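As structure tokens, the structure follows; a few thoughts come after it.
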Amino acid sequence: DGGITQSPKYLFRKEGQNVTLSCEQNLNHDAMYWYRQDPGQGLRLIYYSQIVNDFQKGDIAEGYSVSREKKESFPLTVTSAQKNPTAFYLCASSPLTSGYSRGAYNEQFFGPGTRLTVL
Amino acid sequence: AQKITQTQPGMFVQEKEAVTLDCTYDTSDPSYGLFWYKQPSSGEMIFLIYQGSYDQQNATEGRYSLNFQKARKSANLVISASQLGDSAMYFCAMREGGSYIPTFGRGTSLIVHP
């Protein structure tokens with residue numbers, strides 16, 4: 001059964017370190033997204049990508065970077081420039097055109113998340 | 001200005017009763033879609049229900065229904081016959097026109113009591 005995987009589930013970062021969060025999907029979706037979730041603040045968009053080798057900044061891209069070398073993969077790097085990275089990170093994907101039995105409304109499918117803590 | 005407003009930070013309901021979670025939205029685009037997601041304590045977001053702005057009837061999916069009042073710009077989620085497993089955060093989201101990126105509300109925490 002298709003889905004989205006994120007790893008690791010828990011990640012600890014020391015001050016000044018870069019860390020990379022993995023996101024892989026086998027749903028054949030064109031679009032992929034990264035969100036940050038803080039308590040009481042809902043989901044905030046970090047980066048999104050519509051096609052391989054192309055991505056756009058979301059609302060809170062500073063201190064983050066991404067790549068999209070394969071359709072299935074959209075890793076997020078949290079750089080040392082991100083001053084307050086402790087949060088829950090969610091990856092999502094969606095089709096861009098309707099017609100799929102799943103994703104009939106082009107809704108987003110989410111991974112299980114990665115909880116990042118700065119030590 | 002917030003495009004999606006969920007005014008209830010927390011809700012409590014007795015098992016087997018119905019509960020309504022509020023969502024109001026703001027858009028000038030005549031074409032939009034409204035989504036509800038459930039987030040249990042495990043963290044994964046689960047799609048529940050969708051309502052398109054041109055849909056004539058309110059959406060229903062099992063125990064979930066969407067009370068769509070277009071003139072009032074509200075899209076409330078109704079959960080009938082609440083179960084203990086319904087305890088979770090619930091998020092309303094809207095996607096406008098040609099955009100494929102939704103905007104999320106801040107969520108409502110629902111606790112179902114036995």
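Chains as they are written, first to last, in my numbering: chain V, 1 to 119; chain B, 1 to 114. We put the CB at the ideal spot given by N, CA and C, even for glycine. None of these values were measured; they are calculated from a predicted model.
Quick test of your reading: residue i and residue j, contact by CB under 8 angstroms. State the CB separation rounded to the nearest angstrom.
i, j, result
"V/E72", "V/N26", "6 angstroms"
"V/Q37", "V/L90", "6 angstroms"
"V/Y33", "V/R44", "In fact, because the Cβ distance is near 11 angstroms, the residues do not count as touching under 8 angstroms."
Of all the CB atoms in chain B, is at least one closer than 8 angstroms to the CB of residue i?
i, result
"V/Q41", "yes"
"V/G99", "Residue placement at V/G99 is flagged as unreliable, the pLDDT there being 47, under the threshold of 50; a coordinate-derived value is accordingly withheld."
"V/R112", "The sequence given here places Pro at residue 112 of chain V; Arg does not occur at that position. Interface residue, yes."
"V/A31", "yes"
Along chain V, in chain order, which residues have C-beta atoms closer than 7 angstroms to that of residue i?
i, result
"B/I101", "L45, Y48"
"B/G33", "Y105"
Residues of chain B with a CB under 8 angstroms from the CB of residue i: which are they?
i, result
"V/L96", "Y100"
"V/Q82", "Result: empty, since nearest Cβ-Cβ is about 20 angstroms, beyond 8 angstroms."
Which two residues bound the contiguous beta strand (DSSP E) that contains residue i?
i, result
"V/K57", "54 to 57"
"B/Y32", "32 to 39"
"V/T77", "76 to 78"
"B/Q6", "Here B/Q6 belongs to no beta strand (DSSP E), and DSSP marks it neither H nor E."
"B/H113", "108 to 113"
"V/R115", "114 to 118"
"V/E10", "Checking the displayed sequence, the identity of residue 10 of chain V turns out to be Tyr instead of Glu. Looking at the DSSP string, the run of the beta strand (DSSP E) that includes V/Y10 is 10 to 13."
"V/R36", "31 to 37"
"V/Q25", "19 to 25"
"B/I46", "46 to 52"
Nearest chain V C-beta to residue i closer than 8 angstroms, yes or no?
i, result
"B/S42", "yes"
"B/G105", "yes"
"B/Y25", "no"
"B/Y50", "yes"
"B/F68", "no"
"B/F12", "no"
Residue i touches chain B at which residues, Cβ-Cβ below 7 angstroms?
i, result
"V/F88", "G43"
"V/Q25", "What V/Q25 touches in chain B: nothing, since even the nearest Cβ is about 13 angstroms away."
"V/Q17", "The premise fails here: V/Q17 is roughly 23 angstroms from chain B at the closest Cβ pair, so nothing lies under 7 angstroms."
Show which residues of chain V have a CB atom less than 8 angstroms away from the CB atom of residue i.
i, result
"B/F91", "G42, L43"
Does the stretch 30 to 48 of chain B touch the stretch 97 to 108 of chain B, meaning 3 or more C-beta pairs lie closer than 8 angstroms?
-> Enough Cβ pairs lie closer than 8 angstroms, so yes.
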